[in-house]
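In terms of my numbering, the sequence shown opens at residue 1042 and continues consecutively. Some notes on the structure that comes next.
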Amino acid sequence: MMLQLQFNDRVALSSCNRPGSGVQKFSVGTKAQLDLSEKVASQIAKADLKAIWETLLYCLNQDSNWVSASKGALTSLTATPVSNADPVTMALRKAYDQALANNSKNIGEGIINSLSSANKVMKSYLKLRAAEYVNLYDQVESQKLVLSAANDNPRTLKPIDGIGYHKLEGELLEQARECKNYLQSFANPNIPIIELNGIFEDLKFEPETAARFELAFAQLARFIGFTSQRPETDSGRGPDVLWRTGPSQYIVVECKNGATTETINKHDCNQLNGSGEWFENKYGADIAYTPIMIHPAKKFEHAASPKATTRIMNIEKLEILKKNVRDFIKSVCSQGLISDETQIRNQLLQLKLRSVDFQTFYTTNFIAAK
């Protein structure tokens, strides 16, 4: 029973029953008890404090007549057949439950379609809310929703760079095709996710782990449509890892993930320089390549003489690469897109995993000793 009322102020309670107020969303049982409480309040509206206290004791002591009257107000009630739940709220809850269950199928669609008569501003809002959930599984589609929302309402959020039109590029098409062929070689789309997690376990900056790191870094290339070799392991000469990232584009890599020094020493520098010379002898001086040193430090010691084109992949840059590859594989495999070259291409583009992105996003300039 709702008896914690200001009995001399029935206006507050009465106003709850006006059309459109919150009480209209209560269950029939709750509304019946509110009505009964109002009747009791009206009977003692002009009573003194003693009479009000005696009335309260009926409730506090659970007087049998009091309980009977309270229950009697409910006995003849029937459930309201029509739900008053807000369709947008219901759609948001469904999307939330889907996300908790890691179920990405059609997530967000219910939010967008929850109000068929919504105006453009409301449609924009619904698309943005849907984009929050879609982004958990597919960043490309999420940004498309943000772009669509911005078209409906120019004052809302704008998509990040990269969602606009991009010309079809031969290298990216080849990369997407190679990626598709590799992912389709697995028995089911969950296996690439599992294998990638195993690779990431070996891509760590720890002493005495160079061999595992080199193998893992070579394997990583295949997951994003590149090819790779380990020339030094296979032939006794050349770089630790060699990636082919395009028809005439390569990455020559020396892995020093086990280093603990604050600078890159002359020996490691000479090793990378020598790997570059090996590449030029094998592939020709006209073929482009980027020499990359994987090392926790960015600064070379005074005696070292790195080539001007040398780039460094330190701990921070490696983690960014791992995150983007993880997001890419998760999106493509969990969404069942491993046979769709166009979607694979879009994901590679969105997550900055193209050949032209590698130097900018996953490596940094070295620091020369003064």
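Idealized CB from N, CA, C, for every residue including glycine. Bear in mind the structure is a predicted one, so any value in this text is a computation, not a measurement.
Pull up the CB-CB distance for residue i and residue j, whole angstroms please, since I reckon it's below 8 Å.
| i | j | result |
| --- | --- | --- |
| residue 1181 | residue 1387 | 5 Å |
| residue 1168 | residue 1189 | 6 Å |
| residue 1396 | residue 1287 | 5 Å |
| residue 1305 | residue 1344 | No, residue 1305 and residue 1344 are not in contact; Cβ-Cβ is about 11 Å, not under 8 Å. |
| residue 1264 | residue 1233 | 7 Å |
| residue 1331 | residue 1350 | 6 Å |
| residue 1335 | residue 1311 | 16 Å between Cβ atoms; not a contact. |
| residue 1244 | residue 1363 | 6 Å |
| residue 1401 | residue 1358 | Not a contact, Cβ separation roughly 10 Å. |
| residue 1246 | residue 1294 | Not a contact, Cβ separation roughly 15 Å. |
| residue 1281 | residue 1255 | 5 Å |
Check residue i in the structure and name its three-state DSSP category.
| i | result |
| --- | --- |
| residue 1269 | strand |
| residue 1244 | coil |
| residue 1287 | strand |
| residue 1400 | helix |
| residue 1117 | coil |
| residue 1378 | coil |
| residue 1394 | coil |
| residue 1358 | helix |
| residue 1228 | coil |
| residue 1325 | coil |
| residue 1104 | coil |
| residue 1136 | helix |
| residue 1347 | coil |
| residue 1300 | coil |
| residue 1363 | helix |
| residue 1413 | Since the first residue of the chain shown is 1042 and the last is 1411, residue 1413 is not available in this structure. |
| residue 1087 | coil |
| residue 1239 | helix |
| residue 1411 | coil |
| residue 1127 | coil |
| residue 1055 | Residue confidence for residue 1055 is low, a pLDDT of 45 falling below 50, so the modelled location carries little weight; the figure read from the coordinates is stated next. DSSP places residue 1055 in helix when its eight states are reduced to three. |
Beta strand (DSSP E) containing residue i: first to last residue?
| i | result |
| --- | --- |
| residue 1329 | 1329 to 1335 |
| residue 1295 | 1290 to 1296 |
Looking at the strands, I want to know which residues DSSP matches up with residue i.
| i | result |
| --- | --- |
| residue 1406 | 1352 |
| residue 1305 | 1341 |
| residue 1282 | 1294 |
Starting from residue i and walking both ways along the alpha helix (DSSP H), at which residues does that stretch end?
| i | result |
| --- | --- |
| residue 1385 | 1382 to 1391 |
| residue 1083 | 1069 to 1084 |
| residue 1263 | 1251 to 1264 |
| residue 1092 | 1090 to 1101 |
Check your understanding: If you scan the segment 1141 to 1226 from start to end, which runs of the alpha helix (DSSP H) of 4 or more residues do you find wholly inside it?
Key -> Complete alpha helix (DSSP H) runs here, min 4: 1150 to 1153, 1161 to 1175, 1180 to 1193, 1211 to 1225.
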